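Trainee: Heads up: the sequence shown runs through residues 29 to 569, numbered per the numbering used here.
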Amino acid sequence: MHLPSGTDSIPPHHVETTTDVRPDGPATAKPRPIGNRSPRQITYRLPRPSRLGLVTFGLSQAVLLFWWLAYHPALFTPDSINYIAQSTTGNWNTHHPIAYTALVWLSLQLTGGVAALTLAHTIALAAGLAYAVTGLRRLGGPGWLWPPVAVAIVALPPVGSFVMCLWKDVPFVICHVFLVGTLARLVAHRRRGADGPAFPRVLLVAVFAELALICLFRQNGFIVAAITVVLCVLLLRGTTLRMIAVGGSAIAVALLTNWMLLPALGVSKSESIVAYEAFFSDIAVAYGTDPAAFPAADTAVMAKVAPLTHWRESGDCLVVDSTVYHPDFDRLAANEHKSELLTVWWDLTRRSPGTVVDARICRGAIAWRPDSTGWVVHNPISGWGIQSYLDRDPLIQQSPFRDAVVSRPVSHRAYNLAVALNRRTTEPEWLFWRGATWSYLAYAAVGLAAWRRRDRRLLALASVIVGNQISVLIVNGTQASRYMAAPFVVGILLAPLLVARPGTEPAARTGGQPDQTGTGDQPDQARASIEQDQARLDERG
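(1) Just confirm the distance between the C-beta atoms of R266 and A226, as a whole number of angstroms; I'd bet it's less than 8 Å.
(2) Using a Cβ distance threshold of 8 Å, determine whether the stretch 157 to 175 contacts the stretch 109 to 116, with at least three qualifying pairs required.
(3) Where does P125 land, buried or exposed, given buried means 16+ other C-beta within 10 angstroms?
(4) Taking the continuous alpha helix (DSSP H) assigned at S427, which residues delimit it?
(5) Would you call W339 buried or exposed, if buried means 16 or more other Cβ atoms sit within 10 Å of its Cβ?
(6) Considering only the beta carbon of each residue, do A282 and C243 sit closer than 8 Å?
(7) Measuring CA to CA, which of N496, V494, R481, K332 is closest to R220?
(8) With W412 as the anchor, note down where its alpha helix (DSSP H) starts and where it stops.
(9) Taking the alpha helix (DSSP H) that D483 belongs to, which residues open and close that run?
(10) Alpha helix (DSSP H) containing H204: first to last residue?
(11) Going by Cα to Cα distance, which pick from F206, P186, L167 is closest to V218?
(12) Per DSSP, L103 is paired with what?
(13) Looking at the strands, I want to know which residues DSSP matches up with V405.
(14) Starting from the C-beta of P408, find all residues in its chain whose C-beta is less than 8 Å away, skip the five residues before and the five after it, and write them out in chain order.
(15) Determine the extent of the alpha helix (DSSP H) in which L244 is found, giving its start and end residues.
(16) Roughly how many angstroms separate the alpha carbons of I311 and W373, rounded to a whole number?
(17) Could you tell me whether the stretch 321 to 333 touches the stretch 364 to 384, using the rule of 3 or more Cβ pairs below 8 Å?
(18) Please tell me whether A362 and V333 are closer than 8 Å, where the distance is taken between their beta carbons.
(19) Look at the alpha carbon of I272 and the alpha carbon of S400, and state the distance between them as a whole number of angstroms.
(20) Does DSSP classify S17 as helix, strand or coil?
(21) Report buried or exposed for R510, applying the criterion of at least 16 other Cβ atoms within 10 angstroms of its Cβ.
(22) Could you check whether the Cβ of L157 sits closer than 7 Å to any heavy atom belonging to the ligand GTP?
(23) Does the distance from the C-beta atom of P176 to that of T453 stay below 8 Å?
(24) Hey, which unbroken runs of the alpha helix (DSSP H) at 4 residues or more fall wholly within the stretch 367 to 396?
(25) Does the Cβ-Cβ distance between F307 and R246 come in under 8 Å?
(26) I think W95 touches V191, with their Cβ atoms under 8 Å apart; what is that distance to the nearest whole Å?
(27) For F460, does the count of other Cβ atoms within 10 angstroms reach 16, so buried, or fall short, so exposed?
(28) Quick one: Cα of S439 to Cα of L241, how far?
(29) To the nearest angstrom, how far is the alpha carbon of G463 from that of V492?
(30) Starting from the Cα of L522, find the closest Cα among T285, A442, L476, R484 and give me that residue.
(31) Can you give me the start and stop residues for the alpha helix (DSSP H) that P176 sits inside?
(32) If L526 sits next to A478, beta carbons under 8 Å apart, how far is it from one beta carbon to the other, in whole angstroms?
(33) Quick one, are the C-beta atoms of I414 and R359 less than 8 Å apart?
(34) With DSSP as the reference, label V49 as helix, strand or coil.
(35) First and last residue of the alpha helix (DSSP H) that includes A23?
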């Protein structure tokens with residue numbers, strides 16, 4: 029078997045292919061064990077940290093450390109205040125995912141503040157990028173290009189300010205980065221066609237953990253996870269049963285945690301109507317368009333919550349705020365009559381489904397429109413709003429950790445630079461704040477790579493982006509850039525696949541049978557050489 033120059037040996041867990049000439053047929057490739065291990069003993073294992081991974085982690089962490097020094101201990105929003113208030117006053121409820129509220133509580137108990145948690149944000153993202161890069165490198169693209177792309181992601185002010193926010197969205201996005209790295213490894217493993225499990229156990233465990241955490245860190249994570257699993261089942265043949273099992277188990281574990289474990293631990297159900305706001309906004313949009321279409325019974329229910337003039341004039345398909353956060357809208361009454369209002373919504377859906385669909389598509393514009401809709405909610409870029417947030421939340425006044433909500437930059441020079449950079453990147457909006465732009469670039473990159481290799485399995489890398497776009501399109505309340513932060517980061521991360529050279533066929537499976545998802549036939553010796561080349565690439569991470 030031909031070895032490229034500079035290669036002295038084959039790693040002991042790889043298979044060398046020899047030619048077996050049979051008298052009754054053509055020559056076929058037959059695996060020959062290397063060393064004292066047979067092909068059936070081959071198992072997938074994660075390689076040791078590679079130079080590519082270490083360089084990516086080190087450079088990314090260095091840049092993220094700048095943002096941490098600038099925005100220490102964190103950037104706060106009203107959600108951030110609520111995490112602290114809930115977890116330190118005994119008022120645990122499901123208004124926000126408990127998984128992240130628990131992390132806030134842990135940081136407060138161990139360190140007295142949240143700086144440790146935001147520092148963990150930066151370390152986890154840097155590790156996730158290194159993991160994803162080393163996985164994607166196995167699928168092609170110039171090796172020198174991946175670290176600069178990872179560094180560019182964390183150097184972007186929209187990403188830097190986002191990572192420093194005390195938000196559940198941050199670990200949600202980080203889990204997506206890790207999931208892309210795992211899917212890349214799974215696709216590379218399947219493309220090699222090497223003997224061994226179709227879905228290695230270590231990757232199975234990784235997919236389970238990543239999907240479960242995606243579900244636990246955001247409510248729409250369940251939709252993202254379900255869509256990702258369905259697409260992977262369709263695209264990754266040979267892994268169907270295991271993918272269904274691991275995806276279904278991850279979703280089931282997250283659901284059981286929310287439905288059974290949390291109530292058993294004393295976590296109360298949220299009395300907030302946030303989950304219903306999109307439905308109420310649909311009613312307002314439809315009523316403003318055609319009030320005569322609403323029967324008297326429906327308008328009587330609506331009048332219990334707000335004057336009919338408010339319902340008629342407040343409808344805005346882009347945002348729910350104009351309807352549900354107006355002084356004329358009684359949120360307590362809306363919570364009391366939410367079941368009746370949902371009945372009004374169902375009547376509207378049956379009577380005029382197009383109106384509801386149009387409203388959802390309009391409100392989900394942040395998910396699919398790269399161009400501006402007139403405004404978009406950016407990340408906080410300074411600590412100027414902290415006092416107003418504290419004044420608006422009476423629960424935080426009871427917290428012994430109220431003083432943890434403070435802006436205390438380690439370096440004021442870094443802080444001033446970070447604020448200036450964020451202010452200079454408000455435009456162009458389509459580039460810095462619209463995740464849809466990078467979603468479409470990711471589709472182009474992955475699609476081109478799949479076309480060049482004649483291998484649709486590569487399309488599975490974009491499944492997490494599809495899941496996010498659809499989940500935001502289905503239920504969304506405002507044009508917030510953070511709702512598309514995962515496609516923003518993952519889209520940039522996948523961009524190097526645009527310049528990946530056309531690949532060759534996946535390696536032959538044991539027994540000389542070509543991978544059925546590839547195209548064409550190749551000589552046995554060529555297939556063996558391809559397998560060996562891919563083996564060395566895997567060893568480098």
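Quick reminder that beta carbons are idealized off the backbone N, C-alpha and C, glycines included. Since the model is a prediction, treat every value here as computed from it, not as a measurement.
Mentor: Quick answer:
(1) In the sequence as displayed, the identity of residue 266 is Gly instead of Arg. Correct: roughly 4 Å between the Cβ atoms.
(2) no
(3) buried
(4) Premise fails: S427 is in no alpha helix (DSSP H) and is neither H nor E.
(5) W339 should be labelled buried.
(6) At a Cβ-Cβ threshold of 8 Å, A282 and C243 count as neighbours.
(7) R481
(8) Taken as a continuous stretch (DSSP letters only), W412 belongs to no alpha helix (DSSP H), as it is neither H nor E.
(9) Per DSSP, D483 belongs to no alpha helix (DSSP H) and is neither H nor E.
(10) 197 to 220
(11) The question names Val, but residue 218 in the sequence shown is Arg. Answer by Cα proximity: L167.
(12) C193
(13) A508
(14) L103, F104, T105, S189, C193
(15) 229 to 245
(16) Rounded to the nearest angstrom, the two C-alpha atoms are 6 Å apart.
(17) yes
(18) yes
(19) Rounded to the nearest angstrom, the two C-alpha atoms are 38 Å apart.
(20) With the chain covering only 29 through 569, there is no way to say anything about residue 17.
(21) By the Cβ neighbour-count rule, R510 is buried, with 16 or more other Cβ atoms within 10 Å of its own.
(22) The model depicted lacks the ligand GTP and carries no ligand whatsoever.
(23) no
(24) Those alpha helix (DSSP H) runs which fall completely within the stretch 367 to 396 and span 4+ residues are 381 to 391, 393 to 396.
(25) no
(26) The Cβ separation is near 6 Å, so the contact holds.
(27) Classification for F460: buried.
(28) 33 Å
(29) Per the coordinates, the alpha-carbon of G463 lies some 13 Å from the alpha-carbon of V492.
(30) L476
(31) 174 to 183
(32) With 8 Å as the limit, L526 and A478 do not qualify as a contact, their Cβ atoms being about 12 Å apart.
(33) no
(34) Caution applies to V49, whose pLDDT of 41 falls short of 50 and renders its modelled position unreliable; the model cannot decide the point.
(35) Only positions 29 to 569 of the chain appear in this structure, which leaves residue 23 out of reach.
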